[in-house]
Amino acid sequence: MTRERWIKSILAVLAVLLMLAGGLPLARHRHAQVPVVAGPGVTNVIKLSEFLPALRGTMADTNVYVLEGQEPGGKVLVMANTHANEPAGLLAALIMIENAVVEKGTLYMIPEFNASAGRNTKPGDGYPLYFDIPTEWGHKRFRMGNRDASPLEQWPDPDVYIHYPDRQSLSFNDVRNTNRTWPGRPDGPRMEQVTFAAMELMRKNKVNIAIDMHGAETMFPVTNCIVAPIKSSKIATLVSMTVKAMEGFDNHVEPSPQNFRGLSHREIGDFSDTLPFLLEAPIPFLDQPTGPKTTQLLLDGKDAFLLSLSKKKKLFVPYDENGWPMEKRVGQHCSVTLEILKQYSKKNPETAVRVRGVPKYADLVKNGVGHYFHDPSKAEKKSVFYE
Amino acid sequence: MSPLTKGVAAMKKTLFALATAALVIVFAPPAGSQGQISKAQLPVLTISAGQSNDANTVNAVLEEAGILYDYCDVPTVEMLNAGVGLAGKKSAEGFHVESYTDTAKYPKGTPYKTVIIAIGASLKGMGASGLTVDAEEARVRKIIDACKKKKIFLIAVHPGGEAGRGPSGSDNERMIDAVAPFADFLIVTKDSNKDGRFTKVAALTKAPLIQVDYALGMVDILKKVFI
Amino acid sequence: MGVIMLLYYVITAFIAGLLLWNFACEKKSVNDMILYLLVLIPLVLRLLSVK
């Protein structure tokens, strides 16, 4: 073989090895499954594509866990992982699926709302591919996703995303962000189809409340809050006051801006009778000025740079050496969700929703997140679903 | 009367006067004291100074307390003067009106006896109503002037805590400056008054000041205000 | 998959092909050979639906 061929062969082999070294973990991540043990309250598991067949067979289709109570009542849609790099909502939703029992009304739980984003990665920013939650029976592994859907589901991005139907100009990558594509349309880009399917779920089932769980940086003012439009603001205000006084964590209400289109707290309320609430809990991992993006930072929120910024009053949340552990964030989401149901039910007794078995903030801080996950290897096969 | 008897009588009068003075000093509440809940009358109008969500907090508290009210986020003096029903105005973009006052007791047009002002600045809220900070401050001052002219009881509420404060000259502080010195009664959270700002205002104006741990604590206070 | 997305995959495959052809034809510059392969990596990962 000539020298040139030797060199080319070696380089080609190296390139293939590099592709394998980089690509195999990404491929594994994309197809990794997270087992979910459906709790005693789950009465059915359907697919979002039931509300829009165009999603069937795509990575954007996702599970909808239905928890129907014995007594008819109100209906609630709970969504998490709209942004799959904000996992506190996912964990809270899975805890509810694995433990909640609905006595009155119906819960529709979508823990991986942007299923494609949950299988997307951000290795260029040093994000870990997975994180583990310690449980009593071992470690439960979750995929760490990205904010936006994967281009493998929806490509190319436009230069500017023109929001439907408002025609507001949004950032190009927001076309893959399911918190910018509401209310969606059946023949739009894939993520618009996802949000359209969710709107159909709400309209067809006459859902009363929609809760969208998120996380936001500590340097961002819209954190530790409920974002609500005018029609939800009274309930949101009561919820915020109550959790602050009775459960001891900070919370406030942010009004949903009328001129910022595409967000769930705006469009769900404008395009249906459902009352939307978007919950934000702090996630130090997403702040720009932190150290390395490790799983430890994701789980405990401790960072020396943020601590220094906190002392200079640059953060919008109280922050100290204890960081902001996952237990607090998941606990906030659980407590705020339960309080929304309670306050709504007080004002609307005929469409009340009564749920038990969901831990509150104090329980999660005391017992940890993993305490509420069940061992899939010991569960009945028909109760185990995969995300 | 003998000199001795006169002396004893004088001493008794002096002692009596001293005792009365002592009783007054001990038991009379000093002006601007904390813990004193003022009484106010219905009908009540709630408004915002700064367009933050704190107005919703006040409304939510009134509802929990079972007190019916009218609300407008950016009322004009004319709307205030129109009384219950706010001249029939309806909500529109950037303008929010709610009317829950019991019109069987207080027919439309009944002058408001009390105005509750929720202090808290939000650029988002002001922007949504098409207002700048300067315009909002001017609007609030006009309303307060009108309330003073009509001898309407003004209750200033600051439930926003430390997040609803700021350095001197900031939007939040400007709203406090525009409202607090003119209030007849102040209700704030302890967090809002960490630096004693409202205590100093109350001491100057002699208005009673109540501090609550959390905004939810205002429910019991307002129940007692509007008996 | 929509028509535009399909076209983008076709364009990607075409550019990947061009890069492979350039790599095959390159005789002198090792730097250029490395460059062609490096640029090829993300295109191959996209064509294989990995990233």
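Protein chains in written order, with the numbering used here: chain A, 470 to 856; chain B, 4 to 230; chain C, -16 to 34.
Here a beta-carbon is modelled for each residue, glycine too, at the ideal position from N, C-alpha and C.
At a cut-off of 9 Å between beta-carbon atoms, E139 (chain B) makes no contact with chain A. In this structure, DSSP gives D656 (chain A) a state outside helix and strand, which the three-state scheme calls coil.
Put simply, the region 599 to 619 of chain A touches the region 538 to 557 of chain A. At least three CB pairs are less than 8 Å apart.
Residues of the region 64 to 96 of chain B with a Cβ closer than 9 Å to any Cβ of chain A, in chain order: V64, E66, E67, S94, E96. Looking at the DSSP output, A205 (chain B) sits in no beta bridge, so it has no partner there. For E473 (chain A), the neighbours in chain C by C-beta distance under 8 Å run, in chain order, K10.
Not a single CB atom of chain B sits nearer than 9 Å to the CB of S733 (chain A).
Neighbours of G587 (chain A) across chain C, judged by C-beta separation under 7 Å, do not exist; the nearest C-beta is about 15 Å away. Under the Cβ criterion of 9 Å, L45 (chain B) is not counted among the residues facing chain A. The shortest CA-to-CA distance from A210 (chain B) to any of B:V87, B:T60, B:F201, B:I146 is the one to B:F201.
If you check each beta-carbon in the region 112 to 132 of chain B against every beta-carbon of chain A, the ones closer than 7 Å belong to K127, G128, A131. Of all residues in the region 712 to 724 of chain A, the ones placed with a Cβ closer than 9 Å to any Cβ belonging to chain B are K713, A714, M715, D719, H721, V722, E723, P724, in chain order. When only Cα atoms are considered, S32 (chain C) and L621 (chain A) end up about 6 Å apart. Counting only runs of 4+ residues, the alpha helix (DSSP H) found wholly inside the region 753 to 819 of chain A occupies 764 to 769, 773 to 780, 795 to 816, in chain order. Counting only residues of its own chain and dropping the five nearest sequence neighbours on each side, L3 (chain C) has a CB closer than 8 Å to the CB of Y19, L23. Contact with chain B is found for N728 (chain A), since one of that chain's Cβ atoms lies less than 9 Å from the residue's Cβ. Fully contained in the region 508 to 571 of chain A are the following beta strand (DSSP E) runs of length 3 or more, in chain order: 513 to 516, 532 to 537, 540 to 548. A buried status is given to F600 (chain A), since no fewer than 16 other beta-carbon atoms sit within 10 Å of its beta-carbon. The C-alpha of A90 (chain B) is placed about 34 Å away from the C-alpha of S195 (chain B). Straight-line measurement puts the Cα of G508 (chain A) at about 8 Å from the Cα of S852 (chain A). At least 9 Å separates the CB of L1 (chain C) from every CB of chain A. Contact fails between the region 173 to 184 of chain B and the region 213 to 221 of chain B, because fewer than three Cβ pairs, one in each stretch, are under 8 Å apart. When Cβ pairs closer than 8 Å are counted between the two stretches, the region 520 to 535 of chain A is seen to touch the region 573 to 591 of chain A, the count reaching three or more.
Restricting attention to B:R144, B:D187, B:L219, the CA atom closest to the CA of P162 (chain B) is found in B:L219.
Cβ neighbours of A773 (chain A) within its own chain (closer than 7 Å, five residues either side excluded): G760. Looking at the DSSP output, F(-3) (chain C) shares a beta bridge with no other residue.
Secondary structure at E723 (chain A): strand, using DSSP grouped into helix, strand and coil. Taking C-beta atoms under 8 Å as the contact rule, T512 (chain A) and V535 (chain A) qualify, at a distance of about 6 Å. Using a C-beta cut-off of 8 Å, the region 69 to 89 of chain B makes no contact with the region 1 to 15 of chain C, since fewer than three inter-stretch Cβ pairs fall below that distance. In the assembly as shown, E736 (chain A) is a buried residue. Its beta-carbon has 16 or more other beta-carbons within 10 Å. Listed along chain C, the residues sitting closer than 9 Å to G492 (chain A) by beta-carbon distance are I24, V27, L28, L31, V33, K34. Nearest in C-alpha terms to V708 (chain A), of all of A:L598, A:F689, A:F746, A:V838, is A:F746.
Counting along the chain, the unbroken beta strand (DSSP E) around V47 (chain B) starts and ends at 47 to 52. Between the region 585 to 594 of chain A and the region 816 to 827 of chain A, the count of C-beta pairs closer than 8 Å stays below three; the two stretches do not touch. With contact defined as three or more Cβ pairs closer than 8 Å, the region 640 to 648 of chain A and the region 687 to 698 of chain A are not in contact. Here L487 (chain A) is exposed: its Cβ has fewer than 16 other Cβ atoms, across all protein chains shown, within 10 Å.
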